[in-house]
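K.L.:
Residue 46 is where the sequence shown starts when you use the working numbering, and the numbers rise one by one after that.
Here a beta-carbon is modelled for each residue, glycine too, at the ideal position from N, C-alpha and C.
So that we are looking at the same thing, I have put the structure below in structure tokens.
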Amino acid sequence: MATVHHWTGLEAKALRLALRLSVRAFAQQLGLAVATVSKWESKLAETEPRPDTQAILDTALGRADAAVHLRFETLLSEMTSPVQNAGRRRVTASGPRAWEYESWADDLDRVVVALSRQNFAFADSLLTRWLSRFKAPELDEKGLYLFARSTALLGDLKRDQGVVLGPLSAQHSYAGARAVFTQLDIPRRVAQLDLSLAVVTEMSGKLEIAARNYETLAVDDRLSRRDRARARLWVGTALSKDGQHDYATRVCRRRPATSRTSPNRMTGRWPTRNSPSPAAAPAT
């Protein structure tokens with residue numbers, strides 16, 4: 046919620062407008078004379094309510110709901126010149142409010158559904174709504190988590206549209222989301238984004254690099270068993286696209302690894318299309 050450090054007629058007028066009250070109704074709510082409120086509104090920042098009246102205004106703002114707070118901050122920003130803002134910070138907003146976080150999370154659920162239905166325009170509008178409203182440095186941990194999820198979903202949107210490389214691409218969004226999840230120390234999310242980045246690498250035609258990344262992630266304990274299985278399957282997919290069909294089949298038939306004792310079993314050279322494929326894993 047917003048906090049006013051020092052009330053003047055300017056903040057008082059912004060509060061009245063945010064409450065959507067007439068001068069008379071606002072004065073009645075505060076228990077003050079109409080002439081007092083009219084004086085505030087005529088002189089704005091040039092007049093300051095008495096200390097006891099400052100407390101009354103604090104109470105009125107504190108009792109207001111979230112929608113009023115949002116209108117108050119917006120109105121005050123519009124009414125205050127940039128010079129005044131730079132010289133004196135009258136109001137402190139505590140970042141996104143609880144109800145905004147709930148709305149944000151709900152919108153991300155809608156984005157997931159929209160992407161599954163290939164409703165890209167709707168998904169993009171929801172993501173843009175939040176990513177343009179807040180910047181990462183002003184968010185707490187919960188806000189950063191939602192910001193990173195939004196950025197990752199933007200990567201999914203760009204990937205599904207085939208925009209895999211460049212400044213407004215899936216790769217760029219995934220890398221940004223990965224950085225935030227790394228900051229938040231959420232290894233599972235970081236690994237999931239590594240998997241998404243490997244998909245982008247494959248889509249951009251770098252099949253050997255993608256296959257190596259998939260192989261590493263297939264034994265990465267940060268991922269769920271389902272994601273590790275997908276990574277192992279996609280090793281074969283990338284190899285098959287590269288013409289290594291026999292080797293791709295053998296990789297996909299390997300027994301799933303249970304640990305990260307060998308983070309990348311393909312550290313040596315990969316077989317070329319003309320070289321013999323490595324022996325398959327022993328049958329169990």
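1. Going straight from the alpha carbon of residue 109 to that of residue 62, what length do you get?
2. Tell me the DSSP secondary structure of residue 128 in three-state form.
3. Starting from residue 200, trace the alpha helix (DSSP H) both ways and give me its first and last residue.
4. So residue 238 and residue 219 are in contact, right, with Cβ under 8 Å, and what is the actual spacing, rounded?
5. Count the other CB atoms, across all protein chains shown, that sit within 10 Å of the CB of residue 241; report buried if there are 16 or more and exposed otherwise.
6. Alpha carbon to alpha carbon, how far is residue 199 from residue 185? Give it in angstroms, no decimals.
7. Does the distance from the C-beta atom of residue 179 to that of residue 225 stay below 8 Å?
8. Residues in the same chain with beta-carbon distance under 8 Å from residue 209, minus the five sequence neighbours each way, listed in chain order, please.
9. Pop quiz: residue 256 and residue 284 are said to be a contact at Cβ under 8 Å. What is the actual Cβ separation, rounded to whole angstroms?
10. Under 8 Å, with one C-beta from each stretch per pair, do the segment 79-87 and the segment 114-126 reach the 3-pair mark?
11. Helix, strand or coil for residue 86, going by three-state DSSP, please let me know.
12. Are the beta-carbon atoms of residue 195 and residue 172 separated by less than 8 Å?
13. For the candidate residues 221, 205 and 163, whose alpha-carbon lies nearest to that of residue 176?
14. Excluding the 5 residues flanking residue 268 on each side, which residues of the same chain have their C-beta closer than 8 Å to its C-beta?
15. Using a Cβ-Cβ cut-off of 7 Å (strictly less than) and excluding sequence neighbours within five positions of residue 69, which residues of its own chain qualify?
16. Got a sec, what are the start and stop residues for the alpha helix (DSSP H) residue 240 sits in?
17. Tell me, to the nearest whole angstrom, how far the beta carbon of residue 73 is from that of residue 105; I am working on the premise that it is less than 8 Å.
18. Indicate the three-state DSSP secondary structure (helix, strand or coil) for residue 92 in the structure shown.
19. Between residue 28 and residue 157, what straight-line distance do the alpha-carbon atoms span, to the nearest angstrom?
20. When you compare only the Cα positions, how much space is there between residue 243 and residue 259?
21. Consult DSSP for residue 306 and reduce its assignment to one of helix, strand or coil.
22. Mind reading off the beta-carbon distance from residue 102 to residue 60? Whole number of angstroms is fine, and I expect it under 8 Å.
P.N.:
From the atom records:
1. Within the sequence shown, numbered from 1, the residue matching residue 109 stands at position 64. Within the sequence shown, numbered from 1, the residue matching residue 62 stands at position 17. Answer to the nearest angstrom: the Cα atoms are 12 Å apart.
2. Residue 128 sits at position 83 when you count from the first residue of the sequence shown. Residue placement at residue 128 cannot be trusted, given a pLDDT of 37 that sits under 50; what the coordinates show is reported in the next sentence. Helix at residue 128.
3. In the sequence shown, the residue the question calls residue 200 occupies position 155. Taken as a continuous stretch (DSSP letters only), the alpha helix (DSSP H) holding residue 200 covers 186-205.
4. The residue labelled residue 238 in the question sits at position 193 within the sequence shown. The residue labelled residue 219 in the question sits at position 174 within the sequence shown. Indeed, because the Cβ distance is near 5 Å, the residues count as touching under 8 Å.
5. On the sequence shown, position 196 is the one that residue 241 refers to. Burial state of residue 241 is buried, judged by a 10 Å Cβ sphere holding 16 or more other Cβ atoms.
6. The residue labelled residue 185 in the question sits at position 140 within the sequence shown. The residue labelled residue 199 in the question sits at position 154 within the sequence shown. The alpha-carbon atoms of residue 185 and residue 199 are separated by roughly 21 Å.
7. Against the sequence shown, residue 179 aligns to sequence position 134. Against the sequence shown, residue 225 aligns to sequence position 180. By the CB criterion at 8 Å, residue 179 and residue 225 fall outside the cutoff.
8. Here residue 209 refers to the residue found at position 164 of the sequence shown. So the list reads 203, 215, 216, 245, 248 and 249, once near-sequence residues are dropped.
9. Here residue 256 refers to the residue found at position 211 when the sequence shown is read from its first residue. Here residue 284 refers to the residue found at position 239 when the sequence shown is read from its first residue. Yes, they are in contact, since the Cβ atoms of residue 256 and residue 284 sit about 5 Å apart, within 8 Å.
10. Short answer: they don't touch.
11. By 1-based counting over the sequence shown, the position of residue 86 is 41. When DSSP states are grouped into helix, strand and coil, residue 86 belongs to the helix group.
12. Start at 1 with the first residue of the sequence shown, and residue 195 comes out as number 150. Start at 1 with the first residue of the sequence shown, and residue 172 comes out as number 127. Yes, Cβ-Cβ distance for residue 195 and residue 172 is below 8 Å.
13. Here residue 176 is taken as the residue at index 131 of the sequence shown, counted from 1. Here the closest residue by C-alpha is 221.
14. Position 223 of the sequence shown holds residue 268. Excluding the 5 residues flanking it on each side, residue 268 has same chain C-beta neighbours closer than 8 Å at 233, 236, 237, 240, 262 and 276, in chain order.
15. One-based indexing of the sequence shown puts residue 69 at position 24. Close CB contacts of residue 69 within its chain, under the 7 Å cut and outside five residues either way in sequence, are with 79 (chain order).
16. By 1-based counting over the sequence shown, the position of residue 240 is 195. Looking at the DSSP string, the run of the alpha helix (DSSP H) that includes residue 240 is 232-248.
17. The residue labelled residue 73 in the question sits at position 28 within the sequence shown. The residue labelled residue 105 in the question sits at position 60 within the sequence shown. Wrong, their Cβ atoms sit about 12 Å apart, outside the cutoff.
18. Sequence index remark: in the sequence shown, residue 92 carries index 47 (1-based). Coil, per DSSP.
19. Any property of residue 28 remains undetermined from this structure, which presents the chain solely from 46 to 329.
20. Numbered from its first residue, the sequence shown carries residue 243 at position 198. Numbered from its first residue, the sequence shown carries residue 259 at position 214. Going from the Cα of residue 243 to the Cα of residue 259 covers about 7 Å.
21. The residue labelled residue 306 in the question sits at position 261 within the sequence shown. In this prediction, residue 306 has a pLDDT of 35, which is less than 50 and means its spatial position is unreliable; nothing more can be read from the coordinates.
22. Indexing the sequence shown from 1 puts residue 102 at position 57. Indexing the sequence shown from 1 puts residue 60 at position 15. Cβ atoms of residue 102 and residue 60 come within 8 Å of each other, at about 7 Å.
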